[in-house]
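In the UniProt record's numbering, the protein residues as written are 1 to 455.
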Amino acid sequence: MATDTLTLFCIISGDPLSFAFPVKVQSSASVDELKKAIKETQKDAPHFTIPANELVLWQATVPTDKNTGGERIIELDSLDDKTKLDNPRTSLSKLIVDDSTYIIVERPKAHAGRPLGLKRDFDTAMLEGLEKIMTILHELKEEKKSVISLSRVTEREFRDIMNENGLAQRAISFAVDPTTLPAAIPGRHIEPFAWGPESEAAQADDCKEWLENNTRLPEGILFCITSRNANLLRTMSASTKYELNGTTDMVILPEEYLNTTLLVPGLQIGIELKKSDVGYQKHTFEATLQLLSASLSSNFCPVIVLTDLKEYWRFFWLEPRVIVTCEFGLQDGVALLEKIAHEPRPTPIVDTAFQSIPATDATPYRRRCQFTEAVRRTPVEDVVLPEGSSSAHQVRKLQRTVTDITDSLPGGDVADMRDFFDVMTEEEKSKWWTKCALEVMKNSPALQALIPDGY
């Protein structure tokens, strides 16, 4: 050529012709120097993360194609007129350069154990993007919930939670077995608790002493003051709109739970103390939501007692699709508290012995259950279809199953981590689900189709 500078058009095998890039070198330069010039020109491109001397170059004639133009994919294997530039000392002045001559760069292979090229960047960018999306969605899910205090819940908030869970309220009355009444025990007489001017929490020790002196609990079952633990009954699982937070004044639980500080899993009975205005509606709302929260974490079917330790003893428990409540005076209230403490009704995974005890008209509290059973949807066989409706259509609607998308995710090549969920934290489970979902999306045919062949 007449000038001392060569302008060579280079293209990576597998790229469209329009991706060709010019590289200027001295005509006296060698193939090795051309590699360095290509490396310098493309130093920010992910394909050129390997050293310049490891690039493989070819001189090739690329015929023009009017039909595809610049969108033609240049594949090294499809070119007939090509010469490998395998001697790094070959002078570029020996090359015959015209308008159809290109320097073809073999797409770099994996280097030092790291995957290179477009596919690697695509995978990395996709995973990073999906992780950011998952983080944002998780934050939005957390942010959309309003935190409400159990002791300050409004009627609207209370109705929202009840309606969301499909729970009704039902009041019942029954006679407590007279043989268990405190007055029937020789030498036993119960005087109402004498409240002082201080708050209920400030008098918690005196209330605990009164309860211990006037009730007979089974061996190994204890009273525990919990009013100082402000977040004892915190939960996000009772509602999609609200996060509940609060506590109750006292709980009855087995001694082994007290020693390990697992108070809520061991909660059999929660006692909410009110020195005055105990029958107010807001206190009923508070006790009801305490029941929902406790039932979500307890290993028992809990009962909440709202009382002034005088003549007002109101009991709350869950049955399928309903919250049951009943009210008694001092003698009957203490007697019923004792009976329930002697029949704790643990969940089947803990102990099945109490589950087989039948309920009677005098022992309706034996029908109580946990939150998950209480909010379970009505079985098909229990539904009365509206008159004139298509029974087949209605039954099909009721029989439709709710699909959990996580059930379709693979469990893993080595072990299914779902087998270990009982010992994993919520954060660990969430990270595992996210990883599984990202792997499925990354390897899906729809996304793989976006990656050109050979990458």
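Cβ coordinates follow ideal geometry from the N, Cα and C atoms, glycine included.
Please read all numbers here as calculations on a predicted model, not as lab measurements.
With fewer than 16 neighbouring CB atoms inside 10 Å of its own CB, residue 83 falls in the exposed class. As computed with DSSP, residue 59 is found in a beta bridge with 83 and 103.
When Cβ pairs closer than 8 Å are counted between the two stretches, the stretch 308–327 is seen to touch the stretch 274–292, the count reaching three or more.
Leaving aside the five residues that flank residue 431 on each side, none in its chain has a CB nearer than 8 Å to its CB. Rounded to whole angstroms, the gap between the alpha carbons of residue 147 and residue 301 is 25 Å. For residue 48, same chain residues with a beta-carbon under 8 Å away, outside a window of 5 residues either side, are 38, 39, 42, 55 and 108 in chain order.
In the displayed model, residue 358 falls within coil according to three-state DSSP, outside both helix and strand. CA-CA distance, residue 73 to residue 101, rounds to 16 Å.
The stretch 339–349 and the stretch 213–230 touch, with three or more beta-carbon pairs separated by less than 8 Å.
Counting only runs of 4 or more residues that sit fully inside the stretch 236–314, the alpha helix (DSSP H) segments are 255–259 and 281–297, in chain order. Leaving aside the five residues that flank residue 166 on each side, the residues in its chain whose CB is nearer than 7 Å to its CB run, in chain order, 321 and 375. Considering only 94, 20, 190 and 17, the residue with the shortest C-alpha distance to residue 329 is 190.
For residue 228, the secondary structure class from DSSP, reduced to helix, strand or coil, is coil.
DSSP places residue 25 outside any alpha helix (DSSP H); the residue lies instead in the beta strand (DSSP E), whose first and last residues are 21–26. In chain order, 31 place their CB closer than 8 Å to the CB of residue 87, counting only its own chain and leaving out the 5 sequence neighbours on each side. Here DSSP, grouped into helix, strand and coil, assigns residue 322 to strand. Under DSSP, residue 128 shares a beta bridge with no residue. Counting along the chain, residue 207 sits inside the alpha helix (DSSP H) bounded by residues 204–214.
In the three-state scheme derived from DSSP, where H, G and I count as helix and E and B as strand, residue 149 is classed as strand.
Judged by their CB atoms, residue 235 and residue 293 are nearer to each other than the 8 Å cut-off. Collapsing the DSSP output to three states places residue 346 in a strand.
Secondary structure of residue 6 (DSSP, three-state): strand. With a threshold of 16 other beta carbon atoms within 10 Å, residue 357 falls short and is exposed. For residue 171, the uninterrupted beta strand (DSSP E) segment begins and ends at 168–171. The C-beta separation of residue 247 from residue 233 comes to about 6 Å, placing the pair in contact by the 8 Å criterion. Excluding five sequence positions before and after residue 369, the CB atoms of its chain that fall closer than 7 Å to its own CB belong to 301, 318, 319 and 320, given in chain order. Residue range 31–41 is occupied by the alpha helix (DSSP H) that includes residue 36.
Contact check for residue 158 against residue 326 fails: the beta carbons are separated by 8 Å or more.
Its chain contains no residue whose beta carbon lies nearer than 6 Å to that of residue 98 once the 5 sequence neighbours on both sides are disregarded. Annotation for residue 157: the continuous alpha helix (DSSP H) segment containing it runs 155–164.
Counting every other CB atom within 10 Å of its CB across the protein chains shown gives residue 280 a total below 16, marking it as exposed.
With respect to residue 145, residue 243 sits close: the two C-beta atoms are nearer than 8 Å.
Excluding five sequence positions before and after residue 21, the CB atoms of its chain that fall closer than 8 Å to its own CB belong to 9, 10, 11, 41 and 42, given in chain order.
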